[in-house]
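To keep things clear, I will list the structure first and then write my remarks on it.
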Amino acid sequence: MIRFFLNLFIPHHTNNYRAKLLHHESLLLVILIFFFGAFTLNYASKAFPSVLGISSDITVSDLLNLTNQKRAENGLPPLSIDQRLSNAASGKAQNMFAENYWAHISPGGITPWSFIRSAGYSYVYAGENLAKGFTNSQDVINAWMASPSHRKNVLSNSYNNVGFSVQTGRLSGEDTVLVVEMFGSVSEPQATAAISGEDKKPVEMAAISQQGKQPVQEPEKQASNPALLTQIPAQNLNKNTSTIKGNSVMGSVKTPPVINSGMLTKNLALIVISSFIFILTMDLIFVKRKRIVRAVGHNVDHILFFSLMILLIIIFTRGIII
Amino acid sequence: MYKKIQNHLGYYISLIVMLALSLLLVILASGNKDLQMTIFILTAIFYVIWGILHHLLNHDLTSKIVIEYVLIGALGISTIFFVFMGGKGI
Numbered sequence: 030m031i032r033f034f035l036n037l038f039i040p041h042h043t044n045n046y047r048a049k050l051l052h053h054e055s056l057l058l059v060i061l062i063f064f065f066g067a068f069t070l071n072y073a074s075k076a077f078p079s080v081l082g083i084s085s086d087i088t089v090s091d092l093l094n095l096t097n098q099k100r101a102e103n104g105l106p107p108l109s110i111d112q113r114l115s116n117a118a119s120g121k122a123q124n125m126f127a128e129n130y131w132a133h134i135s136p137g138g139i140t141p142w143s144f145i146r147s148a149g150y151s152y153v154y155a156g157e158n159l160a161k162g163f164t165n166s167q168d169v170i171n172a173w174m175a176s177p178s179h180r181k182n183v184l185s186n187s188y189n190n191v192g193f194s195v196q197t198g199r200l201s202g203e204d205t206v207l208v209v210e211m212f213g214s215v216s217e218p219q220a221t222a223a224i225s226g227e228d229k230k231p232v233e234m235a236a237i238s239q240q241g242k243q244p245v246q247e248p249e250k251q252a253s254n255p256a257l258l259t260q261i262p263a264q265n266l267n268k269n270t271s272t273i274k275g276n277s278v279m280g281s282v283k284t285p286p287v288i289n290s291g292m293l294t295k296n297l298a299l300i301v302i303s304s305f306i307f308i309l310t311m312d313l314i315f316v317k318r319k320r321i322v323r324a325v326g327h328n329v330d331h332i333l334f335f336s337l338m339i340l341l342i343i344i345f346t347r348g349i350i351i
Numbered sequence: 284m285y286k287k288i289q290n291h292l293g294y295y296i297s298l299i300v301m302l303a304l305s306l307l308l309v310i311l312a313s314g315n316k317d318l319q320m321t322i323f324i325l326t327a328i329f330y331v332i333w334g335i336l337h338h339l340l341n342h343d344l345t346s347k348i349v350i351e352y353v354l355i356g357a358l359g360i361s362t363i364f365f366v367f368m369g370g371k372g373i
C-alpha cells in the first residue's frame, strides 16, 4: 500500500523518477474522471434531488442572533422578528426564482417595498439585503458587514423589526441558496425622533441599487419620489403576487438534500489540485537533489497555474451579495 | 533551482501577470458564471501557448512537453467544469 502511494506521489525508480500521477496517461485519466464525474453528479442531482443537490446550514435563528450580535457590538438595540417582514422576504425570494432575476427590483418593476406593503407591514423605514450561494449564516453576515451599504442596513437605528427568508431553488440556470433580509419599522424609533418633525412618509433603503454597483450612501427618501412606490398598479401587484403563490414557483423550491453537491465538488477539486501542487513540489525538490536531467515541462509553471486554480475555485464557489 | 528561476525571471513575471489578470477578470465577472468559465478557459489556453513558447524560445521543446502542457491545461478546464456542472447543477 505504501509502495503504491510512493509510486503515485514521489519520484522513485519504480516510476522512472517522475511521480506516476504526473505521467501523461495518469493526467488523462484524471481529466476523464473529472468530466465523467461532472456529468454523473449533474444527472444524479436531477434524478435524485433528495440525495444530491445544493443545501446550506443557514438558519433564520442564526441570522437573527448574528445580526443582533453585530448591533449589540455597536451599541444598538436588537431587532425583533416580524412575521410580516418574513412573509415579504419569502415572497421576494420566490419571486426571484419565478422571474429568474438577481436584483433588488424585479424585471417587471416590483420593488422590495411592494412585498413589504403587500405583506401588511405599513413601514416608516424599510430596507433589504440579499445574498446567494452561501453555505452558513456566519459567512452571510460577514459578507454584509464587509460591504458599507449592507452594513449600514444591519447597523441602522431606523429599524426595529427584521424578517428573513432562506430558500433553495434554481436561479440563472444554477441551483443556489437565496437569503433575503427585510428590515423595517412601523413607528419612529427613539434614535430618529429628532427628525420626526421632517415628515412621516415612508423611507426605503436597498443595500445596493438595481445595477448592484452604486451603494446607497444615505437612506433614499423615496417618499419624495413616490413614483417608485406607485409604479406598479395595485391590480398588477396582486396579479404578480398570485403568480408568486402558484405551483411554478413552489415547484422550484427544493427540500435540503442529504449531500451538498456544491461542497462535494469544491472539496474534491481542491484536494486534487492541492495534491498536484504537492507532487510537483516534491518532484522539484527530488530532481534538484538527485540532479536528474529530464525533458519535461517546468514544474514552477504548473505550480503557479494550479495555485491560480485554487483561488479561482474559491472565488467561483463563494457567495455573493447585492 | 533559484538560478533557474533567475534565468527565467522574465517568463515567470509574464506568467504571473497573465494569471493575476485572469484572477482580476474573474473577480470583476462575479455573479456571471458563464463569463467566469469563459475567462478561465481562455486563461488555460493562454497558459498552454505560453508554456510551449517558453520551451520553444529556450530550444528545449519536445512533443512530450507539448502534450504535458496541453494535459495540464485540460486538467484545469476539467476541474473547473466539474465544480460548475457537478456542483451547481448547471
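Those protein sequence lines, which keep their order, are chains A and B. Note that the numbering used here numbers the first sequence so that position 29 is 58, with each residue one more than the last. Note that the numbering used here numbers the second sequence so that position 61 is 344, with each residue one more than the last. Yeah, the Cβ is synthetic: ideal placement off N, Cα and C, and Gly gets one too.
Cross-strand partners of residue i (DSSP beta bridge)
i: R32/A; result: Its beta-bridge partners do not exist; DSSP assigns none.
i: K161/A; result: L207/A and I349/A
i: R323/A; result: Looking at the DSSP assignment, R323/A forms no beta bridge with any residue, so it has no partner.
i: T197/A; result: V206/A
i: S109/A; result: N190/A
i: F212/A; result: G156/A and V191/A
Secondary structure of residue i, DSSP reduced to three states
i: F315/A; result: helix
i: T321/B; result: helix
i: N289/A; result: strand
i: G293/B; result: helix
i: A327/B; result: helix
i: Y152/A; result: coil
i: S187/A; result: coil
i: L57/A; result: helix
i: L297/A; result: helix
i: L81/A; result: strand
i: E137/A; result: Reading the sequence as shown, one finds Gly at residue 137/A and not Glu. Note: G137/A maps to coil in three-state DSSP.
i: T96/A; result: helix
i: G180/A; result: What sits at residue 180/A in the sequence shown is Arg, not Gly. R180/A: helix per DSSP, three-state reduction.
i: A132/A; result: coil
i: N45/A; result: coil
i: A263/A; result: Here A263/A scores only 32 on pLDDT, less than 50, and its place in the model should not be relied on; the value that follows carries that caveat. A263/A falls in the helix class under three-state DSSP.
i: G314/B; result: coil
i: I376/B; result: The structure shown does not extend to residue 376/B, since chain B is modelled only from 284 to 373, so the question has no answer here.
i: T310/A; result: helix
i: T69/A; result: helix
i: N341/B; result: coil
i: H52/A; result: coil
i: D168/A; result: helix
i: D330/A; result: helix
i: G104/A; result: coil
i: T88/A; result: coil
i: I39/A; result: coil
Distance between beta carbons of residue j and residue i, contact taken as under 8 angstroms
i: I344/A; j: L358/B; result: So it is not a contact: roughly 19 angstroms between Cβ atoms.
i: F144/A; j: S361/B; result: The Cβ separation is near 42 angstroms, so there is no contact.
i: I62/A; j: V169/A; result: Rounded, the Cβ-Cβ distance is 33 angstroms, inconsistent with contact.
i: R47/A; j: D312/A; result: 7 angstroms
i: I342/A; j: L309/A; result: With 8 angstroms as the limit, I342/A and L309/A do not qualify as a contact, their Cβ atoms being about 17 angstroms apart.
i: Q108/A; j: S305/B; result: Just to set this straight, residue 108/A is Leu in the shown sequence, not Gln. Their Cβ separation, rounded to whole angstroms, is 41 angstroms, which puts L108/A and S305/B out of contact at 8 angstroms.
i: V327/B; j: L318/B; result: Looking at the sequence shown, residue 327/B is not Val but Ala. So it is not a contact: roughly 15 angstroms between Cβ atoms.
i: N182/A; j: G156/A; result: 4 angstroms
i: V325/A; j: E351/B; result: 6 angstroms
i: H53/A; j: L354/B; result: 6 angstroms
Beta-carbon proximity check, residue i vs residue j, cutoff 7 angstroms
i: G192/A; j: L95/A; result: no
i: F305/A; j: F335/A; result: yes
i: Y154/A; j: S194/A; result: no
i: N190/A; j: A148/A; result: no
i: G314/B; j: I349/A; result: yes
i: V331/B; j: I322/B; result: no
i: G370/B; j: G291/A; result: yes
i: Q339/A; j: I288/A; result: Strictly speaking, residue 339/A in this sequence is Ile, with Gln absent from that position. No, Cβ-Cβ distance for I339/A and I288/A is not below 7 angstroms.
i: N158/A; j: E210/A; result: yes
i: A76/A; j: L207/A; result: no
i: S166/A; j: L92/A; result: yes
i: P286/A; j: V80/A; result: yes
i: L35/A; j: H41/A; result: yes
i: L141/A; j: E128/A; result: Checking the displayed sequence, the identity of residue 141/A turns out to be Pro instead of Leu. Not a contact, by the Cβ cut-off of 7 angstroms.
i: V366/B; j: T294/A; result: yes
i: M368/B; j: A298/A; result: no
i: L184/A; j: N97/A; result: no
i: T164/A; j: S85/A; result: yes
i: F126/A; j: G198/A; result: yes
Under 8 angstroms (Cβ pairs) to chain A, residues found in the stretch 294–323 of chain B: Considering only beta carbons, the part of the stretch 294–323 of chain B lying closer than 8 angstroms to chain A consists of Y295, L298, I299, L302, S305, L306, V309, I310, S313, G314, K316, Q319 and F323, in chain order.
Chain A contacts made by the stretch 343–355 of chain B, where a contact means CB separation under 8 angstroms: D343, T345, K347, I348, I350, E351, Y352, L354 and I355
Selection of the stretch 113–142 of chain A by Cβ proximity to chain B, strictly under 8 angstroms: Residues of the stretch 113–142 of chain A with a C-beta atom less than 8 angstroms from some C-beta of chain B are W131, listed in chain order.
Interface residues of the stretch 53–69 of chain A facing chain B [CB-CB below 9 angstroms]: H53, L56, L57, V59, I60, L61, I62, F63, F64, G66, A67, F68 and T69: these are the residues of the stretch 53–69 of chain A whose beta carbon lies less than 9 angstroms from some beta carbon of chain B, given in chain order.
Members of the stretch 318–337 of chain A near chain B, C-beta cut-off 9 angstroms: Cβ contacts with chain B: A324, V325, G326, H327, V329, D330, H331, L333, F334, F335, S336 and L337.
Interface residues of the stretch 143–170 of chain A facing chain B [CB-CB below 8 angstroms]: none
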